[in-house]
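Chains as they are written, first to last, in this note's numbering: chain F, 1 to 321; chain H, 322 to 642; chain R, 643 to 963; chain E, 964 to 1284.
Glycine included, C-beta positions come from ideal geometry on N, C-alpha and C.
What you are looking at is a predicted structure, and each value in this text was computed from that prediction instead of being measured.
4 protein chains.
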Amino acid sequence: MANFRPIQVTTDMAIEARDIVRGDAHEEVPGVRVDHKQDQQVEITRVEIFTDEGAHLMGKPQGHYVTLDVPHFRDRDASLRQELTRVLTDQIKDLIPKTVDNTVLVVGLGNWNATPDALGPRVVERILVTRHLSDIVPDDIKERMRPVAAVAPGVLGTTGIETLDMIKGIVDETHPDLVIAVDALAARSLDRLLGSVQIADTGIHPGSGVGNRRQGLSQESLGVPVLAIGVCTVVQAMSIAEEAVHILAQQLADDVKFYKILEELGESNQKGLMQEVLAERLGGLMVTPKEIDLLINDMADVLAESLNRALQPHLDRSEWA
Amino acid sequence: MANFRPIQVTTDMAIEARDIVRGDAHEEVPGVRVDHKQDQQVEITRVEIFTDEGAHLMGKPQGHYVTLDVPHFRDRDASLRQELTRVLTDQIKDLIPKTVDNTVLVVGLGNWNATPDALGPRVVERILVTRHLSDIVPDDIKERMRPVAAVAPGVLGTTGIETLDMIKGIVDETHPDLVIAVDALAARSLDRLLGSVQIADTGIHPGSGVGNRRQGLSQESLGVPVLAIGVCTVVQAMSIAEEAVHILAQQLADDVKFYKILEELGESNQKGLMQEVLAERLGGLMVTPKEIDLLINDMADVLAESLNRALQPHLDRSEWA
Amino acid sequence: MANFRPIQVTTDMAIEARDIVRGDAHEEVPGVRVDHKQDQQVEITRVEIFTDEGAHLMGKPQGHYVTLDVPHFRDRDASLRQELTRVLTDQIKDLIPKTVDNTVLVVGLGNWNATPDALGPRVVERILVTRHLSDIVPDDIKERMRPVAAVAPGVLGTTGIETLDMIKGIVDETHPDLVIAVDALAARSLDRLLGSVQIADTGIHPGSGVGNRRQGLSQESLGVPVLAIGVCTVVQAMSIAEEAVHILAQQLADDVKFYKILEELGESNQKGLMQEVLAERLGGLMVTPKEIDLLINDMADVLAESLNRALQPHLDRSEWA
Amino acid sequence: MANFRPIQVTTDMAIEARDIVRGDAHEEVPGVRVDHKQDQQVEITRVEIFTDEGAHLMGKPQGHYVTLDVPHFRDRDASLRQELTRVLTDQIKDLIPKTVDNTVLVVGLGNWNATPDALGPRVVERILVTRHLSDIVPDDIKERMRPVAAVAPGVLGTTGIETLDMIKGIVDETHPDLVIAVDALAARSLDRLLGSVQIADTGIHPGSGVGNRRQGLSQESLGVPVLAIGVCTVVQAMSIAEEAVHILAQQLADDVKFYKILEELGESNQKGLMQEVLAERLGGLMVTPKEIDLLINDMADVLAESLNRALQPHLDRSEWA
């Protein structure tokens, strides 16, 4: 039987954490349930962490994490964006607690001056904000319209106030039923760079995100349920180096002892060696696609459209366009 | 003895309210004390409202209102800006309650997309924000540095959340000792357009400001003292029309009965007539100088520099530049 | 027979110039032809100046000037915007010389930091730029697509280079068949504030525009035909004062000699007197609606949509949205 | 004697090209002269390509390329910025042709929406633009002030016009004596990421820059001398992978045949293998520091301050601050 050890590295993606913890084991990580589904070009992976042991091994709180992988999103194909929008809308609807029947507050984390971290603010710009309209719109529309508010605290620049404090203050004052936090994530795998969306009903936890999110946004800290939607917009340079060595070693495997020695070291020792040798040079560097600016906009379009549809199921699309 | 009637028109400036209520009377408005001083090119007028009757007549809460008038500010003379900065720094220091020894939160009201309303956000950009630095700076500096936070809620665009709610939430979470609210004001007199700063220890009250501030920021609503700093950035088109008629009538006074008839009508009847005739056409229009963008920046420089000096009396100017 | 005198005041609108020159005369200004048409809620006035005398009297070069007036545009009604878009598209198509079958260069004049002057840059942002696509799109589309380029020299900020020099340089290098210049105009009448579009086949002439356009853009200066599209975004404060006095005097006419004296003075002497008395105080001030920022965006939507339709008659609307 | 082969890979930095072409040879690349100097913490390397053979081997035109390396610039130390500013000012002065006594046009290449490519526009924002002031300033200052113009064509977004065409048009119209082009570069070495400035008297050549510069800016294309100032703001992910493999292999050299096999392959075969294996996965990805936004601003401050000093040697620093 496999001997699972708690995860050592940091990744914002539950699916990556699970793959790392599981390694080559032929059984599932204890306390974790994983479910795959392919919907046209979108691969849907549902990771559920349902025991304390699972949470400990995965380094993540119990809850549901749905990953939507669209490997070719970076090709900027409009039909892919439409497919992702459709699937994402359904998944968001699915994870919104049934008890939520009042205001939803969308929080766009991140700093809009740094492109890979600007996803949150750009989604917020595109959200259909309705909370302030309830006194203005006709009754007919009002009945079908959910009150939605949206803030992007990072566009305020340097304020001297922690994001959590700002959001907590706003939540305490406006009493939303649900907070949806949108954030840019760092992934370990190149395949997920601008090609992967994670939705989690556990909120956002310290250390996540592309910038430095020092404090989490969760039911514990805010007092209301927090749905987190994240997109991988950067990969740490360290991961690239590891991947490069791995790929190259595999190619040279027949001729070279290198691969075997690496294999004998075991994956974690091997990573330890690389960490030691490369960390100083590659720490703090991140990898992004050249067209990051366009891709962030594409993704912001998809997320905002999906959120608008999921949050306003009783409004016709033409009523807000 | 003069028969004072409560003010009918709206003005954000206490000095203008007093001039209107007083009219041609040769005595001061009851419950109001006014004090003039000239400091080089800056005219300092201190209006104190100290009784309920004064507050009722003036349409403003009891408290101190200091107006600094610099009629030639629009000429963009650097030495004028320096003089105003010096005087303003002293006045701000003077109005900061002595009990304030912890965090000060600077709030820049207004929307940065509409130039005349962008003063608040532009001041916030220039504020020396220190609250997040206390764990980082050397003890020597830390002792001399007051924690300052700064937010400009209007730069968030349409959020569906009232400014007051957002600020109240942040105040409840971060517990500042004092809020300083910076706002663009509408004045009645052309002479005050981008040439007049008002500092008041009463906070900001509903209906003030260039945009629609629906709710006030004050000790009552926020639970901490609120110092309000306002600059006239627009004049209502209505005021221009009144002023034009007034000036023209004076010029024609010798030849024309018009002036006498206007005089006989009494000032308020006369204004009532103009309101009736012109309101529909001129309501909602405002007057700004052509170089509004540059002037707002000049003023933001002066306000931010004055605030930084007043809030950090123990830091040397070179330590933050 | 009326004795027409050349226009003394400046207005960017041909229709206003004609009304001023004509005054109370019961005949048309010589060398000028005027034609009215109502298309639903859009009033179309076509002014043609066809002799040297007409040009001299009107203070404008010979050519066609079409004004579209939509008095209630400021009410922000979507159907009004659609009507204006439809009419404007037709008028632009009509004024594009038939010989134009290659690149059209859209130039958005003005500075995007000053809201009333930001119309040009905001239109440029929304233009369907196709000139760089000709090597990329399928032949089928390429055949139906007109190459369009678009620049907004004022967004470059302070460059030390005259707008005309920059545009002339770009024209000489890229050889467009037609330049379409979009500009914010100053009107004399409140009714035209954000409610009036002028299209002229004469280009833009010195002194026009809300900012300081020191040099014109015309066939003479650029060597290619220039279509000018202008929208009134400000009214000079001076005009407001005149209008106020005029309206008030009319109201008081029965009781007051003022009106009669003004009448006896004759309109131009009367204006001369006001100029003398008010110019110093009101010069350099301009009047804008409170919601100027939203209205400029509404108008930019209408202009860009009309231009895109007029310039791409063979593309289906869905092909660029 | 070493057998030098023309460079195969692309790098914007002459110093890197020389190191690659030279490889392990113990002699200098023919037609190339290299000169090192240390000025406090700034390492100055002067590469001169002076023969056709040198140009062919290096893949760069004949001319002078000065590299200033400041390895710890990413630590954000103010004194390092001051040292770099001092050295850079001198080097720019040195490379400005003595015949230049009239207008200098500073061109900031790049797109300000994509942080690593925004260096050029951010430098332009900070340039002391004086060309439009000559009629305004007092004669005393005018005599000492060089006319400087500055444009950042990329801030216009999609215009449909090639940058070269726009700049060429402006140059033909305004006749500057010198163009200084500021650009963000891609380097191969991590050590140069936001820590290296290259000044070249050869202009900018196709394929350089972080974005896609399809055409060069040079004396040939513009008709006036072009000084190019570039800063490495990204490193291709491919280079990271190579560097990682190289470092790791060295560490494992004693135990492992891998290094020897790589060695036997020869550097270029080895790179060829990596290209083949990794190119598809890493192509189009780039590496930037996490704090890219702050670092770009630091560098823009240094470049603009150095340019202002070098271009205005007869103005006192206090006259423009």
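| Item | Value |
| --- | --- |
| L699 (chain R) vs I649 (chain R) beta-carbon contact at 8 Å | yes |
| Any 3 or more C-beta pairs closer than 8 Å across the stretch 369-388 of chain H and the stretch 346-360 of chain H | yes |
| Interfacial residues, the stretch 1128-1140 of chain E to chain R, with Cβ spacing under 9 Å | D1128, M1129, I1130, K1131, G1132, I1133, V1134, D1135, E1136, T1137 |
| Opposing strand residues paired with I49 (chain F) [DSSP bridges] | F:V32, F:G63 |
| Beta-ladder partner(s) of T1251 (chain E), from DSSP | F:M286 |
| Which listed residue (E:G1083, E:A1204, E:R1244) has its alpha carbon closest to that of A1263 (chain E) | E:G1083 |
| Sub-8 Å separation of A507 (chain H) and I525 (chain H) beta-carbons | no |
| CB contact flag (A886 (chain R), V929 (chain R), <8 Å) | no |
| Runs of alpha helix (DSSP H) wholly within the stretch 755-829 of chain R (minimum 4 residues, chain order) | 761-768, 781-786, 805-816 |
| Whether K1131 (chain E) touches S1181 (chain E) by CB criterion (8 Å) | no |
| Proximity test, Cβ basis, 8 Å: I1124 (chain E) and chain R | yes |
| Short CB-CB distance (under 8 Å) between V765 (chain R) and chain E | no |
| First and last residue of the uninterrupted beta strand (DSSP E) at S517 (chain H) | 517-521 |
| Helix, strand or coil at Q878 (chain R) [DSSP, three-state] | strand |
| Whole-angstrom distance between A760 (chain R) and G750 (chain R), CA atom to CA atom | 9 Å |
| Q62 (chain F) versus L426 (chain H): straight-line alpha-carbon distance, rounded | 38 Å |
| Min CB distance R923 (chain R) to chain H below 8 Å | yes |
| As assigned by DSSP and simplified to three states, the class of D1261 (chain E) | helix |
| Reference V1194 (chain E); option with closest CA among E:L1031, E:H1027, E:G986 | E:L1031 |
| Option nearest A346 (chain H) by Cα separation, candidates H:M334, H:I365, H:R326, H:T331 | H:R326 |
| Burial state of S318 (chain F), where buried means 16 or more other Cβ atoms lie within 10 Å | exposed |
| Cross-strand partners of V866 (chain R) (DSSP beta bridge) | Paired residue(s): none; V866 (chain R) is not in a bridge. |
| Closest Cα partner of E884 (chain R) within the set H:D460, H:G537, H:L603 | H:L603 |
| Short-range partners of chain E found in the stretch 677-710 of chain R, where Cβ spacing is below 7 Å | none |
| Given E785 (chain R) as reference, the closest of R:V793, R:A794, R:R773 once Cα atoms are compared | R:R773 |
| Rounded separation between L194 (chain F) and N102 (chain F) - CA only | 32 Å |
| Residue interval of the alpha helix (DSSP H) (run including L401 (chain H)) | 399-416 |
| Secondary structure of E348 (chain H), DSSP reduced to three states | coil |
| Range of the contiguous beta strand (DSSP E) that encloses V749 (chain R) | 746-750 |
| Cutoff 7 Å; reference P931 (chain R); Cβ partners in own chain excluding five residues on either side | R716, L835, L836, L937 |
| 8 Å Cβ cutoff, T652 (chain R) in contact with chain H | no |
| Supposed contact pair A150 (chain F) and P176 (chain F) - C-beta distance, whole angstroms, cut 8 Å | At roughly 11 Å, the Cβ-Cβ gap does not stay under 8 Å, so P176 (chain F) and A150 (chain F) are not in contact. |
| Top-ranked residue by Cα proximity to P468 (chain H), from H:S560, H:L454, H:D460 | H:L454 |
| Closer than 9 Å at the beta carbon, the chain E residues around H774 (chain R) | T1121, T1122, G1123, I1124, E1125 |
| Local Cβ density within 10 Å of E626 (chain H), reported as buried at 16 or more and exposed below that | buried |
| Cβ pair K387 (chain H), Q359 (chain H) closer than 8 Å | Strictly speaking, residue 387 (chain H) in this sequence is Val, with Lys absent from that position. Not closer than 8 Å, so no. |
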